[in-house]
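Quick note on our numbering: the sequence shown kicks off at 476 and runs consecutively.
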Amino acid sequence: MHDLSRPDGPKIVAVANQKGGVGKTTTTINLAAALVEHGLRVLVVDLDPQGNASTGLGIERSDRSQTSYELLVDDAAPEDVIHSTGFEGLSIIPATVDLSSADIELVSNEKRSFLLHDALRQTAMDAFGWDYILVDCPPSLNLLTVNAMVAAHSILVPLQSEFFALEGLSQLMLTVREVRQTANPKLRIEGIVLTMFDRRNNLSQQVEADARDNLGDLVFETKIPRNVRVSEAPSFALPVLSYDSNSQGAQAYRDLANELISKNNRTST
476 MHDLSRPDGP KIVAVANQKG GVGKTTTTIN LAAALVEHGL RVLVVDLDPQ
526 GNASTGLGIE RSDRSQTSYE LLVDDAAPED VIHSTGFEGL SIIPATVDLS
576 SADIELVSNE KRSFLLHDAL RQTAMDAFGW DYILVDCPPS LNLLTVNAMV
626 AAHSILVPLQ SEFFALEGLS QLMLTVREVR QTANPKLRIE GIVLTMFDRR
676 NNLSQQVEAD ARDNLGDLVF ETKIPRNVRV SEAPSFALPV LSYDSNSQGA
726 QAYRDLANEL ISKNNRTST
């Protein structure tokens, strides 16, 4: 019987917002961990030169000789760049600061926007049997983010519950529209997830109301709370689901994973 929680072929989701500090990496790591709890196989692709997703999943800098940079620039084989983590079913293609020069190095490559798309769809990837591939994008709308958008089926946008949160979204949506017109007509918005949400704070409530007024069903029901456990977990190289499984933050990411899975079941049936 077909397992409804498994998309056909890996579902590729780019986690993107050109604004820094909105919870992109935290969302990537913890959503991946929550999907793995469902028995799904998940690959995280770290496309941020800061390499925080790699650090947060326990990949030491000394172990990052083969990374997403080699995948894009040197055409490295998937089996050489994919690292297992300490979590069953969860692997990562790590990143280093080398990636920060990728924009300049790839500018003369005719296929520069399609490098990640092609790398994730080569037949060598099929053997791994991923259900989801989550791409942690850098905090800018550069060539790396465009590669993620061209490669992805959809974009998940973490939105910090603060003043001006919606302002930056228009630029992101404009880039999505351009990518749809030029390279990936099927790209869609998976959803907007409100992060660092404080329900006692009027501003958080106002941002939620504005987001739902403007974006309607695109906004996930799940809100990720401002939670000290979520902030502490990366310094232990753990997702919050392992660091404090019963915390509010861990439960919120489980709810987000459930929502993502059921959303994809509806669109695939």
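Note that the Cβ used here is the ideal one computed from N, Cα and C, for glycine as well.
Because the structure is a prediction, the values reported are computed rather than measured.
The alpha carbon of His592 has as its nearest neighbour, out of Ala489, Asp719, Ala732, the alpha carbon of Ala489. With the rule of 3 Cβ pairs closer than 8 Å, the region 500-513 does not count as touching the region 682-692.
Nearest neighbour of His558 by Cα position, chosen from Leu574, Ala551, Ala577, Asp538, turns out to be Asp538. Exposure of Ser737 is indicated by the presence of fewer than 16 other C-beta atoms within 10 angstroms of its C-beta. Pairing Gly531 with Ala708, the inter-Cα distance amounts to about 8 Å.
Taking 4 residues as the shortest admissible run, the region 494-570 contains the following complete alpha helix (DSSP H) segments, listed from N- to C-terminal end: 499-511, 527-531, 543-548, 553-556. In terms of Cβ geometry, Leu590 and Leu547 form a close pair [threshold 8 Å].
Closest option to Ile568, judged by alpha-carbon separation, among Leu522, Ser679, Glu585: Leu522.
The C-alpha of Glu585 lies about 29 Å from the C-alpha of Gly643.
By the Cβ neighbour-count rule, Pro485 is buried, with 16 or more other Cβ atoms within 10 Å of its own. Per DSSP, reduced to three states, the secondary structure at Arg701 is coil, with no helix or strand assignment. The three-state reading of DSSP puts Ala658 in coil, since its state is none of H, G, I, E or B.
Around the C-beta of Lys494, 16 or more other C-beta atoms lie within 10 Å, and the residue is accordingly described as buried. Residue state for Ser629 is assigned as strand, using DSSP reduced to three classes. CA-to-CA, the gap between Leu565 and Val705 works out to about 19 Å. Judged by DSSP secondary structure, Ala489 falls within the beta strand (DSSP E) whose first and last residues are 486-490. By the criterion of a C-beta distance shorter than 6 Å, Asn659 is surrounded in its chain by Val625, once the five residues flanking it on both sides are discounted. With a 10 Å radius around the Cβ and a threshold of 16 neighbouring Cβ atoms, Asp606 comes out buried. Counting of Cβ neighbours within 10 angstroms places Ser529 among the buried residues, the total reaching 16 or more.
The beta-carbon distance between Ile664 and Val632, rounded to whole angstroms, is 7 Å. This is short enough to meet the 8 Å contact definition. In its chain, beyond the 5 residues on either side, Ala509 have a beta carbon closer than 6 Å to the beta carbon of Arg729.
A distance of 8 Å or more separates the beta carbons of Gly526 and Thr560. His628 places its beta carbon 8 Å or farther from that of Ile534. A distance below 6 Å between beta-carbons, with the five flanking residues on each side excluded, links Lys698 to the following residues of its chain, in chain order: Leu669, Phe672. Counting along the chain, the unbroken beta strand (DSSP E) around Val610 starts and ends at 607-611.
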